[in-house]
Amino acid sequence: LFFQGHMEGEVWGLATHPHLPICATVSDDKTLRIWDLSPSHCMLAVRKLKKGGRCCCFSPDGKALAVGLNDGSFLIVNADTLEDLVSFQHRKDVISEIRFSPGAGKYLAVASCDNFVDIYNVMSSKRVGICKGASSYITHMDWDIRGKLLQVNTGAKEQLFFEAPRGKKQTIPSLEVEKIGWASWTSVLGSCCEGIWPIIGEVTDVTASCLTSDSKVLATGDDFGFVKLFRYPAKGKFGKFKRYVAHSTHVTNVRWTYDDSLLVTVGGADTSLMLWTYEMEGHRDSRQCDSEESDLDSEEDGGYDSDVTRENEINYTIKALSTNIRPMFGIKPHLQQKEPTLDER
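Residue 250 in full-length UniProt numbering sits at position 250 of the sequence shown, and the numbers go up by one each step.
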């Protein structure tokens, strides 16, 4: 068998094309890769980078691809040839998220682990705004449909809003946030996402989310290797979900394809790219699946995997790290008695 893929480090950067069944990934292994999501499931292109990367994003027309690197720089490349178009560096810490504004893609928001979001005018290649006020690193970021407002999540569990392009901080009540039309939704915070958090969880346990274009299904990835589907909005604590398992370690990113027919997920330490077919309720084929589609598939609860009682009983320790792969026998090397050397005799 011949395999192609990312190698050392972790894979965090994932972006799906706005019009085609392809996606891009970027990794700590200093490569940017383009993948065909059609039945051929092959790698279309690969490009070496000067540093590893943690995020990427296609422009709204799909012609450009922005890539954030681990040294605080970012570049925009031609999505077809992967050749450089422009590059910048105003930060020294990891670029954690990067997003083109909707419509013409006039602006590019670049978030970093030094708690700032820089806004660039793509047309003039100039930085035109800085979003300040976050007390921790930036984890997720989304534009509203007008390209005038940015929603930002931080590692301190803050949900912040900034006016674009200048970056002035805004205070918006939670009820008003629900009325705003968002070009994308990858946030893990707010009243609309309260139900995605497990009962026992840290702020970073839910690593990624992505909402379908019809705003009905929210997919999440977490530190326990689970991919989950929630009905959106997931209001109230401990929302019901469907759970799927394929990654051996934490799921670092999730993205729907342009037509919501596929969900694409990437794993951190397993450096793998997984494809999930999304089938509407009532149109599912009765075929065998590789994943744990449901632990509790009764008609009474709709086949959900979750309820508060069972969630309380779940041990969220990653099985791969808590159990031996094979039975172990004998005495550990450091406990074995060594034979004296000739000098010691």
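Just so you know, even glycine gets a beta-carbon here, dropped at the ideal spot from N, CA and C.
Only counting runs of 3 or more residues, tell me where the beta strand (DSSP E) segments fall wholly within the stretch 128-176, in order along the chain.
138-143, 149-154, 159-163 and 168-170
Close beta carbons around residue 82, own chain, < 7 Å, minus the five adjacent residues each side
32, 45 and 47
Can you give, in chain order, each stretch of the beta strand (DSSP E) that sits fully within the stretch 32-70 and has at least 3 residues?
43-48, 53-58 and 64-69
Straight-line CA distance for residue 113 to residue 94?
5 Å
Give the DSSP bridge partners of residue 223, in chain order.
Residue 223 pairs with nothing; no bridge assigned.
Residues bridged to residue 185 [DSSP beta-bridge criterion]:
Its beta-bridge partners do not exist; DSSP assigns none.
Option nearest residue 243 by Cα separation, candidates 249, 257, 225 and 237:
225
Could you work out which residue in 231, 195 and 199 is closest to residue 211 when comparing CA atoms only?
231
Express the C-alpha separation of residue 253 and residue 98 in angstroms, rounding to a whole number.
13 Å
Go ahead and label residue 218 buried or exposed: buried means 16 or more other beta carbons lie within 10 angstroms of its beta carbon, across all protein chains shown.
buried
On the CB-based measure, 16 or more other CB atoms within 10 Å of its CB, does residue 19 come out buried or exposed?
exposed
For residue 128, I'd like the list of residues in its chain whose CB is within less than 8 Å of its CB, leaving aside the five on either flank, ordered along the chain.
107, 119, 120, 121, 165 and 166
Top-ranked residue by Cα proximity to residue 183, from 91, 246 and 144
144
Closest residue to residue 207 among 130, 258 and 265 (Cα-Cα distance):
265
Please classify residue 113: does DSSP put it in a helix, a strand, or coil?
coil
Have a look at 177, 162 and 176 and flag the residue whose alpha-carbon is nearest the alpha-carbon of residue 170.
162
Would you report the Cα separation of residue 5 and residue 248, rounded to the nearest angstrom?
16 Å
Could you give the distance in angstroms between the alpha-carbon of residue 159 and the alpha-carbon of residue 126?
27 Å
Could you pull the start and end residues of the beta strand (DSSP E) that residue 100 belongs to?
95-100
Inter-residue Cα distance where the pair is residue 14 and residue 273
9 Å
Can you tell me whether residue 319 is buried or exposed? The criterion is at least 16 other CB atoms within 10 Å of its CB, across all chains shown.
Because the pLDDT of residue 319 is 42, which lies under 50, any placement of that residue in the model is unreliable, and the number read from its coordinates should be weighed accordingly. Residue 319 should be labelled exposed.
Taking all protein chains shown into account, do 16 or more other C-beta atoms lie within 10 angstroms of the C-beta of residue 279, making it buried, or fewer, making it exposed?
exposed
Is it buried or exposed, residue 78, if we count other Cβ atoms within 10 angstroms and call 16 or more buried?
exposed
Indicate whether residue 96 and residue 137 have their beta-carbon atoms separated by less than 8 Å.
yes
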